[in-house]
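**Student:**
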Ligand code: URA
Ligand code: ZN
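In our numbering, the protein residues as written are 21 to 397.
See the structure below:
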C-alpha cells in the first residue's frame, strides 16, 4: 500500500458542541450577526471573532477538504476551548457524550482505499476543569480506550486549574500511558495580551506568538516537574511543531544547570526530553521543519551513556520519525471554497522540499509515522 497522507492536526466542533456554543451569551460562543454566524472563543477577541460555517461541524465538509488536498486519513480532535468553560459535573457528562459522538463521526466514515481502515479517526476529551475528581478523569480515559476509532485525546494547557505540572494529575498521566493513548497538547489562551500593544493587528500576535508560547510554557513546566522520569512511556504530541521549545531548549538546559533545585529534580539534561515528545509538522516552512527534526534528533546525545561531546547527530531519523503532517483545518480558510488552502499547500511543500530527509522520512512525516504512533495500523 502506498503511504497515505494523514492529518493529525484537524479539528471539529461536533454538532452537539456547536449547539452549546450557540446557546451561550459569553465567550466561547457562536453568535449570529447580520445573518452570519461568528465564533468568538475569547472575551475581547480581535475583529469580533471569525465567520464560521459548516466546515466547522459537518463531516461532509471535512471529507471534501480532505479530497481537495489529497488527504487520505484524518485524526480529528475537538477544537479549543474544549470543556474548559463547564462546571465539573456538566463537563463530565458532556465529555462522555462528545467521546461517543466522535466515535460515531469516525466509525460511520468511508473506508480508506476500500481496505480495513477508515478515513476518519478521532481523539477524545477529558473533563479537565477545576473540581473534577481524578476518578472521573480515569473513567473517561477508560471510555476513550474502549472506543475503537479513538486513538488519543486532545487537551489544553491548564490541567484541572493548576497546569500540567499539578501533582494531582500523576495518576492521569500514568493511566493515559497505560492505555496507549496519544495526548495532543494544544493551546487556546495564548499569553498575557498586555504584550500585544494598542495597534489593531487582528489575530496575528495571539495566533502567531501567543499560541506557541502557551504550548512552550505548558510543556516546559511538565518537563521541569519530572513527569517524564516517572512516566517515561507517555506520548505527547505538541501542536505547531512544539512552539518555541526546540529553539529554546539549550537555553532551558543552561538555566536548569544554574538552578540546582530544579537540576536535582530531573534525571536528564532538558534536551533529552525533546526526544520523548512528538511534533506536528505545522510550521509552514522547510527550514523550520528541518530545524525541529535536527533538534529532536540531538536528544540522542543526552541519552544515558551517550557521548554528548560530538556534534554528529547519530541518527537524523530520530527527529523526523517523531513528526507528523497536520493542517489545523478548519482554521485559516482561503477566501473561496474551491481553492486549495495556502496553509496546507505550504506545509506539504515544506515536507517535499526540506533538506536532508530521504523519501522514507518524507513518507513517514506525510502519514506513516502517524499510523504507527497512533496505533492505527
Ligand atoms: N487554530 C486552532 O486550533 N484554534 C484557533 O482558535 C485558531 C487556530
Ligand atoms: Zn489547532
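Note that CB positions come from ideal geometry on N, CA and C, so glycine has one too. Note that the structure is a prediction, hence the values are computed from the model and not measured.
At the level of alpha carbons, what is the spacing between residue 19 and residue 371?
**Tutor:** Nothing can be reported for residue 19, as the shown portion of the chain is limited to 21 through 397.
**Student:** Under 6 Å, CB to any heavy atom of the ligand ZN. Which residues pass, going along the chain?
**Tutor:** Having a Cβ closer than 6 Å to some heavy atom of the ligand ZN are 29, 31, 206, 259, 348.
**Student:** Check whether the Cβ atoms of residue 345 and residue 385 lie closer than 7 Å to each other.
**Tutor:** Cβ distance < 7 Å, so residue 345 and residue 385 count as in contact.
**Student:** Let's test the definition: count the other Cβ atoms within 10 Å of the Cβ of residue 437 and tell me whether it reaches 16, buried, or not, exposed.
**Tutor:** In the structure as shown, the chain begins at 21 and stops at 397. Residue 437 is therefore absent and cannot be evaluated.
**Student:** Can we say the region 246 to 258 touches the region 284 to 302, given the rule of at least three CB pairs closer than 8 Å?
**Tutor:** Yes: at least three Cβ pairs fall under 8 Å.
**Student:** Would you kindly work out how many angstroms separate the C-alpha atoms of residue 394 and residue 54, rounded to a whole number?
**Tutor:** Spanning the two alpha carbons is a distance of roughly 42 Å.
**Student:** So the beta strand (DSSP E) residue 174 belongs to, where does it begin and stop?
**Tutor:** That run of the beta strand (DSSP E) goes 170 to 175.
**Student:** Any idea what DSSP makes of residue 209, helix, strand or coil?
**Tutor:** Coil.
**Student:** Can you check which of these residues, 324, 327, 293, 237, is closest to residue 246 by C-alpha distance?
**Tutor:** The candidate whose alpha carbon is nearest that of residue 246 is 293.
**Student:** What is the DSSP secondary structure of residue 299, reduced to helix, strand or coil?
**Tutor:** Looking at residue 299 - three-state DSSP - the assignment turns out to be strand.
**Student:** Just to confirm the assignment, what range does the alpha helix (DSSP H) spanning residue 218 have?
**Tutor:** From DSSP, residue 218 is part of no alpha helix (DSSP H); its letter is neither H nor E.
**Student:** In chain order, which alpha helix (DSSP H) runs of at least 4 residues are fully inside the region 305 to 379?
**Tutor:** If we require 4 residues or more, the alpha helix (DSSP H) runs fully inside the region 305 to 379 come out as 306 to 318, 337 to 340, 362 to 373.
**Student:** Rounded to whole angstroms, what's the CA-CA distance from residue 347 to residue 233? Just pull it up for me.
**Tutor:** Rounded to the nearest angstrom, the two C-alpha atoms are 19 Å apart.
**Student:** For residue 26, which beta-bridge partners are listed by DSSP?
**Tutor:** For residue 26, which the question treats as bridged, DSSP gives the partners 93.
**Student:** Within 6 Å: the Cβ of residue 351 and any heavy atom of the ligand URA?
**Tutor:** Yes.
**Student:** Return the CA-CA distance between residue 265 and residue 308, expressed in angstroms with no decimal places.
**Tutor:** About 12 Å.
**Student:** Along the chain, where does the alpha helix (DSSP H) that runs through residue 141 open and close?
**Tutor:** Run containing residue 141: none in the alpha helix (DSSP H); it sits in the beta strand (DSSP E), 140 to 144.
**Student:** Please identify the residue among 90, 62, 83, 95 whose C-alpha is closest to the C-alpha of residue 392.
**Tutor:** Comparing Cα-Cα distances from residue 392 to each of 90, 62, 83, 95, the minimum goes to 95.
**Student:** Give every residue of the same chain whose Cβ lies closer than 7 Å to the Cβ of residue 340, excluding the five residues on either side of it in the sequence, and list them in chain order.
**Tutor:** If we look at residue 340 and ignore the five residues flanking it on each side, its Cβ neighbours are 313, 377, 381, 384, 385.
**Student:** Any idea if residue 365 is buried or exposed, counting beta-carbon neighbours within 10 angstroms, 16 or more meaning buried?
**Tutor:** With fewer than 16 other Cβ atoms within 10 Å, it is exposed.
**Student:** Hey, would you say the C-beta of residue 100 is under 6 Å away from at least one heavy atom of the ligand URA?
**Tutor:** Result yes, Cβ under 6 Å from the ligand URA.
**Student:** How is residue 71 classed by DSSP in three states: helix, strand or coil?
**Tutor:** Strand, per DSSP.
**Student:** Below 8 Å, can you find three or more Cβ-Cβ pairs linking the region 349 to 359 to the region 75 to 94?
**Tutor:** Judged by Cβ distances under 8 Å, the region 349 to 359 makes contact with the region 75 to 94, as three or more pairs qualify.
**Student:** Return helix, strand or coil for residue 44, following the three-state DSSP convention.
**Tutor:** Coil.
**Student:** Quick check on residue 156: does DSSP put it in helix, strand or coil?
**Tutor:** Helix, per DSSP.
**Student:** If you drop the 5 nearest sequence neighbours on each side, which residues of the same chain put their C-beta closer than 6 Å to that of residue 139?
**Tutor:** Within the same chain, residue 139 has close Cβ partners 93, 129, 130, 132.
**Student:** Would the beta-carbon of residue 115 fall within 7 Å of that of residue 160?
**Tutor:** Against a cut-off of 7 Å, the Cβ pair of residue 160 and residue 115 comes out as a contact.
**Student:** Would you identify the three-state DSSP class for residue 127, choosing helix, strand or coil?
**Tutor:** Three-state DSSP puts residue 127 in a helix.
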